[in-house]
Amino acid sequence: MPNETVTQTILKAKGTLIEWVEDEVVREVPLTIHYNGEEIATLLCSPSQTEELVYGFLLNEGFIRVPEDVYKIRHDPADHLAWIDGKPCVLQKELMSKRFVSACCGKSRASFCFANDVLMVKPLISTHSIPLQEAYGYVKFLQSNSTLFYSTGGVHSGGVGHQGKILLTSYDIGRHNVFDKLSGSAFHTGLNLENHVIFFSGRVSSEILLKVAKMKVPILIARGAPTDMALSQAAALNITVIGFAREQRLNIYTCTDRIIP
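Numbering (our numbering), first residue to last: 89 to 349.
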């Protein structure tokens with residue numbers, strides 16, 4: 089996996105056996121985003137799908153709404169910088185400055201939920217449903233296509249599916265970035281996600297649920313556990329949340345009628 093990992097010499101212990109071995113470690117890079125000449129964020133991320141990440145971040149944070157809002161995008165992979173020329177942002181700065189502490193680890197951009205999120209989401213009207221076996225199919229794909237995770241243990245992965253077909257995939261050290269990359273890929277290619285499914289390797293917090301709501305996706309399948317706040321939001325926003333998804337078993341927490349036995 090060129091560019092995605094580095095090799096580190098480590099001391100490995102197994103029982104009483106201790107030996108020096110070569111180990112793969114996932115890379116983490118800072119990506120600083122400038123919008124219309126102003127630095128707006130530095131994301132800690134994996135060095136892949138960078139333009140998709142930028143598009144998704146700008147979309148989910150409310151800077152852009154349609155592809156035509158982006159006039160030009162430039163990326164310097166050596167210095168991890170991205171410059172975007174686009175439609176002037178109409179976000180209210182006083183809302184952008186109000187932050188709510190969340191359960192995310194660390195003090196990065198993802199550690200906060202912006203008050204502006206409240207203005208960007210509304211209950212979904214989708215009546216889309218899927219067979220239970222289709223849900224199991226997405227779980228199986230997630231388990232079978234996580235090469236970088238199995239070699240490093242350091243990334244989250246996710247994807248978008250429709251009628252059993254895998255349309256988009258992404259991975260990143262940051263679980264929020266996984267959703268921004270999927271959102272950016274769909275946005276850039278003109279894919280409407282309103283009747284699709286997102287599957288994801290991690291847990292479902294309130295921030296993750298808000299990402300899904302902004303993407304207008306009615307069904308989220310996750311390997312991890314949901315939080316109570318995420319489930320409250322999901323019920324209010326008419327989003328189906330599935331957690332603890334493993335081969336041939338899962339928990340359906342909200343809007344259960346979307347899953348057909």
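All residues carry an ideal CB built from backbone N, CA and C; glycine is no exception.
Remember, predicted model here, so these are calculated numbers, not experimental data.
Its chain contains SER245 as the residues whose beta carbon lies nearer than 6 Å to that of SER234, once the 5 sequence neighbours on both sides are disregarded; these appear in chain order.
According to the DSSP assignment, ASN339 belongs to the beta strand (DSSP E) that extends over 337 to 340. Straight-line measurement puts the Cα of THR104 at about 47 Å from the Cα of GLY252. For ASP167, the number of other beta carbons within 10 angstroms of its own is below 16, and it is reported as exposed. By the neighbour-count criterion, in which a residue is buried when 16 or more other Cβ atoms sit within 10 angstroms of its Cβ, ASN280 is exposed.
Here LEU99 is exposed: its Cβ has fewer than 16 other Cβ atoms, across all protein chains shown, within 10 Å.
Following the DSSP letters along the chain, one finds GLN251 in no alpha helix (DSSP H), marked with neither H nor E.
Nearest neighbour of GLY278 by Cα position, chosen from PHE288, TYR143 and ILE218, turns out to be TYR143. Per DSSP, reduced to three states, the secondary structure at GLU116 is coil, with no helix or strand assignment. The beta carbon of LEU256 sits closer than 8 Å to those of GLY247, VAL248, LEU270, SER273, ALA274 and LEU279, all from its chain and outside the five residues before and after it, given in chain order. Here the alpha carbon of ILE348 sits roughly 17 Å from the alpha carbon of VAL305. The straight-line gap separating the alpha-carbon atoms of TYR341 and THR328 is approximately 7 Å.
Taking all protein chains shown into account, THR344 has fewer than 16 neighbouring C-beta atoms within 10 Å of its C-beta and is therefore exposed.
DSSP, read as helix, strand or coil, puts SER258 in strand. Distances from the CA of THR240 to each of ALA129, GLU107 and VAL114 were compared; the closest alpha carbon is that of VAL114. Under the three-pair Cβ rule at 8 Å, the stretch 119 to 136 does not count as touching the stretch 285 to 303. Around the C-beta of PRO314, 16 or more other C-beta atoms lie within 10 Å, and the residue is accordingly described as buried. Around the beta carbon of GLU295, a 10 Å sphere encloses 16 or more other beta carbons of the protein chains shown; the residue is thus reported as buried.
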